[in-house]
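Residue numbers (this note's numbering): 2 to 229.
So the structure is just underneath, and the comments pick up after that.
This is the structure we're talking about:
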């Protein structure tokens, strides 16, 4: 039976090409933090827009992010692709601003934000270690994870109307699980040579990290938020 693992990555030893893509992916991810933080400050200052029109704002944001992902894919081999990725992270940072405002309204809000960030970083480290040291190719999970993501999106929009707290917690918990697996899937594709473009890799990993952070923060605010 023929192995799907390239000889250069078997046993956790990466080839030069995989190492280059992985390194450039992580460097790009570090760079995306700049527009994300700037966007978050802008979002915190303009959070009233989102709170007044939550459903419309969500639909506009989702449409913009999906459109930008297609544009990034079409320009993956040019500087424009990098600029589009940074623009997308600014938009997502802006979307994060109102959520941070809600968290900071809690007495232990800064601690919860720090815990969500640490938890996201921890998940990233664990999934990266598994992907880079395991001999398995996790790309087979792609279709299942995509279906899971679509179900989560539909459930999230449905709960904007239903407003069921237990469903909101369930969605957040499942989102952490699904996007953690997306991280494993995406890093595994880099390690095994399935993804050779660092912009596409960085886009996928960033989206997973963003959703994990937001979902963890929602869970922490609901379960450990101090409103006194």
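The beta carbon of each residue, even a glycine, is placed where N, CA and C say it ideally should be.
What you are looking at is a predicted structure, and each value in this text was computed from that prediction instead of being measured.
- Contact check for residue 91 and residue 39: beta-carbon distance about 6 Å, within the 8 Å limit, so the pair qualifies.
- Every alpha helix (DSSP H) stretch that sits fully inside the segment 157-220 and reaches 4 residues is listed by chain position as 166-192.
- The Cβ atoms of residue 100 and residue 179 lie no closer than 8 Å to each other.
- Per the Cβ contact rule, the segment 117-133 is not in contact with the segment 60-78 (fewer than 3 Cβ pairs under 8 Å).
- One Cα belongs to residue 35, the other to residue 88, and the distance between them is close to 11 Å.
- At a Cβ-Cβ threshold of 8 Å, residue 86 and residue 33 count as neighbours.
- Its chain contains 180, 181, 183, 184 and 187 as the residues whose beta carbon lies nearer than 8 Å to that of residue 209, once the 5 sequence neighbours on both sides are disregarded; these appear in chain order.
- The Cβ-Cβ distance between residue 113 and residue 28 does not fall below 8 Å.
- Counting only runs of at least 4 residues, the segment 80-138 fully encloses the following alpha helix (DSSP H) elements, listed from N- to C-terminal order: 80-105 and 110-134.
- With a contact defined as Cβ atoms closer than 8 Å, residue 22 and residue 133 miss out at about 12 Å.
- Shown here for residue 157: same chain residues with a beta carbon closer than 7 Å to its own, the five before and five after excluded, namely 172 in chain order.
- Excluding sequence positions up to five before and after residue 220, its CB lies within less than 8 Å of the CB of 170, 173, 174 and 177, all in the same chain and listed in chain order.
- When DSSP states are grouped into helix, strand and coil, residue 64 belongs to the helix group.
- Between residue 17 and the set 207, 69 and 191, the nearest pair of CA atoms involves 191.
- By the neighbour-count criterion, in which 16 or more other beta carbons inside 10 Å mark a residue as buried, residue 129 falls on the buried side.
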